[in-house]
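Q: Protein chains in written order, with our numbering: chain D, 29 to 299; chain E, 29 to 299.
All C-beta atoms in this analysis are idealised placements derived from N, C-alpha and C, irrespective of residue type, glycine included.
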């Protein structure tokens with residue numbers, strides 16, 4: 029029987045989502061596999077829909093695995109949450125079609141990046157946002173982000189060395205950095221903390237959201253795009269210059285990568 | 029020159045707001061006084077508007093102090109935030125009238141308590157909410173809470189031993205447990221996480237808010253009221269029984285105190 033787990037985690041104490049070859053610290057995959065082994069008594073290999081770096085959060089990451097004989101969903105839900113740590117829990121558990129693969133079958137990932145734009149850092153938001161001191165031109169950021177829509181070579185926004193052309197590789201040998209962006213938006217988030225239901229009147233202290241949805245993402249892609257959109261918001265680049273960075277297909281053209289704690293994987297879509 | 033500081037803190041790593049006689053751990057007052065001494069080179073005693081227990085957060089706690097000679101506000105703001113730890117920052121700094129006292133001059137405190145009511149704990153909310161598994165009757169909680177409005181002896185909702193009548197004290201010798209509640213509301217919070225702008229359609233997984241505003245609060249008063257309102261929401265007590273708990277003026281009548289991490293001091297009001 030194949031299962032689909034929807035999981036939430038606080039990325040702060042994880043060294044990313046994927047199990048590491050060497051023991052480099054806690055990972056989401058490692059904790060899930062440990063919990064499944066503890067509950068079922070069997071070693072089970074899971075697949076995650078999206079890789080998230082150390083410090084990146086998820087509200088709706090998806091994991092897939094096979095388990096035989098099948099368990100009742102409610103029983104597995106309670107048992108897993110009973111042994112999982114406080115910073116990683118199962119939100120939902122569904123049976124899936126035979127062969128279901130959380131990564132290969134996903135056709136869209138939705139990410140949200142939150143920026144705390146204010147003169148002072150916010151203690152209650154410090155693990156969930158990137159603090160930027162100066163007022164950002166959110167409308168300029170939104171206009172620039174529209175250049176991302178559609179099918180592009182996103183090499184400029186690809187971390188991990190993949191976005192820098194190598195002379196020893198031919199174009200055919202390089203892993204593809206082409207992806208399709210389906211939604212891109214920058215806007216003032218409708219509340220300025222978990223405890224407030226309305227946006228502040230004051231534009232000098234507010235939360236900003238950057239939403240990006242694509243068929244798939246390259247390593248650090250959201251964070252590198254956010255770093256460059258903030259350069260637009262600060263007036264360092266025009267929307268046209270941002271579009272040139274994208275068209276240049278070279279990581280060295282983009283701005284520094286935004287920090288991980290502002291990023292959250294919201295949802296993964298399946299057919 | 030008198031100053032009014034509006035401060036925000038994440039209560040997780042604090043042993044409450046007030047400096048302790050014995051060295052029992054980090055306190056909000058201790059960290060603020062240390063930062064003021066470091067910045068100004070003078071030992072400055074501060075006063076906080078409200079006491080918050082270990083684990084309780086604040087978005088708008090207020091501190092008062094005198095500093096001579098006066099500092100420019102912007103310079104003091106930058107200097108203090110430069111040396112304060114990441115979990116405690118100054119949001120605003122204002123000059124105040126001579127003799128301004130953050131506690132005595134305050135005429136209203138607004139608190140918000142957040143409950144995560146869902147089958148599973150939420151990793152991204154675990155330090156900001158009380159997790160309650162079963163669906164609560166929020167409307168019944170709201171109706172019951174209306175009994176709190178006005179001037180009452182709140183001894184039933186007073187922690188720290190003050191709410192239990194002592195036979196060795198006469199009524200006149202006891203510290204007053206009379207307070208005036210100006211607002212009391214329980215409702216479904218309009219989003220279910222920092223990352224979501226709409227409430228969930230599903231009533232089995234949602235954030236609930238309990239808002240209480242009074243001239244002043246007794247020790248653990250909000251948390252004890254919330255504990256008893258949840259008993260109403262679970263169907264253990266009717267609104268009439270909740271009103272009887274209040275009228276009984278004895279802490280032993282109330283339900284267990286709700287945990288601290290769900291509570292946030294939102295705002296303190298001055299004339």
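Tell me, please, which residues DSSP counts as bridged to residue 138/D.
A: DSSP, once it has assigned bridges, lists 241/D, 295/D as partnering residue 138/D.
Q: Closer than 8 Å, Cβ to any Cβ of chain E: which residues of the stretch 120-148 of chain D, in chain order?
A: Going along the stretch 120-148 of chain D in chain order, one finds 140, 142, 147, 148 with a Cβ nearer than 8 Å to chain E.
Q: Could you tell me which of 145/D, 278/D, 249/D, 156/D sits nearest to residue 285/D, measuring between CA atoms?
A: The candidate whose alpha carbon is nearest that of residue 285/D is 249/D.
Q: Figure out for me which residue from 294/E, 246/E, 176/E has the closest Cα to the Cα of residue 274/E.
A: The option with the nearest alpha carbon to residue 274/E is 176/E.
Q: With DSSP as the reference, identify every bridge partner of residue 181/E, one or two as the case may be.
A: DSSP lists 206/E as partners of residue 181/E.
Q: Considering only C-alpha positions, which residue in the set 145/D, 107/D, 174/D, 215/D is nearest to residue 62/D?
A: Considering only alpha carbons, the answer is 107/D.
Q: Whose CA, out of 232/E, 88/E, 41/E, lies closest to the CA of residue 221/D?
A: Residue 88/E is the option with its Cα nearest to residue 221/D.
Q: With distances taken Cα to Cα, identify the nearest neighbour of residue 336/E among 191/E, 209/E, 211/E, 212/E.
A: Within the shown structure, residues of chain E are numbered from 29 to 299, placing residue 336/E beyond reach of any answer.
Q: Run through chain E and tell me which residues come within less than 8 Å of residue 118/D, C-beta to C-beta.
A: What residue 118/D touches in chain E: 148.
Q: For residue 159/E, tell me which candidate among 297/E, 298/E, 287/E, 293/E has the shortest Cα-Cα distance.
A: Of the candidates 297/E, 298/E, 287/E, 293/E, the one whose C-alpha sits nearest the C-alpha of residue 159/E is 287/E.
Q: Taking Cβ-Cβ distances shorter than 7 Å, what residues in chain D pair up with residue 292/E?
A: Result: 223.
Q: Say whether the stretch 68-88 of chain E touches the stretch 173-189 of chain D, bearing in mind that this needs 3 or more beta-carbon pairs closer than 8 Å, one atom from each stretch.
A: Counting Cβ pairs under 8 Å, fewer than three are found: no touch.
Q: Hey, which unbroken runs of the beta strand (DSSP E) at 3 residues or more fall wholly within the stretch 95-126 of chain E?
A: The qualifying runs are 116-124.
Q: Mind listing the chain E neighbours of residue 219/D? Cutoff is C-beta to C-beta under 9 Å, in chain order.
A: Result: 218, 219, 222, 225.
Q: Got a sec: which bits of the stretch 204-218 of chain E sit with their beta carbon under 8 Å from any beta carbon on chain D, in order along the chain?
A: Listed by position, the residues of the stretch 204-218 of chain E near chain D (Cβ gap below 8 Å) are 217, 218.
Q: What is the residue span of the alpha helix (DSSP H) that residue 34/D lies within?
A: Careful: residue 34/D lies outside any alpha helix (DSSP H), inside the beta strand (DSSP E) at 30-37.
Q: Cβ closer than 9 Å: which chain B residues qualify as neighbours of residue 85/E?
A: Although the question refers to chain B, the structure presented lacks it and instead comprises the protein chains D and E.
Q: Mind checking the stretch 31-42 of chain E against chain D and listing, in chain order, the residues whose C-beta falls within less than 8 Å of any C-beta there?
A: Flagged, chain order: 36, 37, 38.
Q: By Cβ distance below 7 Å, which residues in the same chain neighbour residue 105/D in space, the five residues on each side in sequence not counted?
A: Correct list, in chain order: 118, 121.
Q: Among the residues of its own chain, which have a CB less than 7 Å from the CB of residue 295/E, if the five just before and after it don't count?
A: Excluding positions up to five away in sequence, the list reads 88, 138.
Q: Is the CB of residue 62/D under 8 Å away from at least one CB in chain E?
A: Chain E contact via Cβ: absent.
Q: Indicate whether the contact test is met: 3 or more Cβ pairs, each with one atom in the stretch 250-261 of chain E and one in the stretch 35-43 of chain E, closer than 8 Å.
A: Flag = no, the stretch 250-261 of chain E and the stretch 35-43 of chain E do not touch.
Q: Mind listing the chain D neighbours of residue 114/E? Cutoff is C-beta to C-beta under 8 Å, in chain order.
A: Chain D residues near residue 114/E: 149, 151, 154.
Q: Sort 66/D, 98/D, 57/D by Cα distance to residue 79/D and report the nearest one.
A: If we check each option's Cα against that of residue 79/D, 57/D comes out closest.
Q: Could you pull the start and end residues of the alpha helix (DSSP H) that residue 159/E belongs to?
A: Looking at the DSSP string, residue 159/E is not in any alpha helix (DSSP H); the run it does join, the beta strand (DSSP E), is 158-160.
Q: Please state the DSSP three-state secondary structure of residue 290/D.
A: Residue 290/D falls in the helix class under three-state DSSP.
Q: When you compare the CB positions of residue 211/E and residue 134/E, do they come within less than 8 Å of one another, or not?
A: No, the Cβ-Cβ distance between residue 211/E and residue 134/E is not below 8 Å.
Q: With DSSP run on the structure shown, which of helix, strand or coil describes residue 219/E?
A: Coil, per DSSP.
Q: According to DSSP, is residue 45/D helix, strand or coil?
A: Residue state, collapsed to three classes: coil.
Q: Check for me: the alpha helix (DSSP H) holding residue 224/D runs from which residue to which?
A: Premise fails: residue 224/D is in no alpha helix (DSSP H) and is neither H nor E.
Q: Can you check which of these residues, 29/D, 98/D, 267/D, 271/D, is closest to residue 165/D by C-alpha distance?
A: Among 29/D, 98/D, 267/D, 271/D, the Cα nearest to that of residue 165/D is on 267/D.
Q: Assuming the contact rule is C-beta atoms closer than 8 Å, residue 161/D and residue 147/D should be a hit. Round their C-beta distance to whole Å, please.
A: Right, the Cβ-Cβ distance comes to about 6 Å (below 8 Å), so this counts as a contact.
Q: Counting contacts by CB-CB distance shorter than 8 Å, is residue 109/E in contact with chain D?
A: It does; some Cβ of chain D falls within 8 Å.
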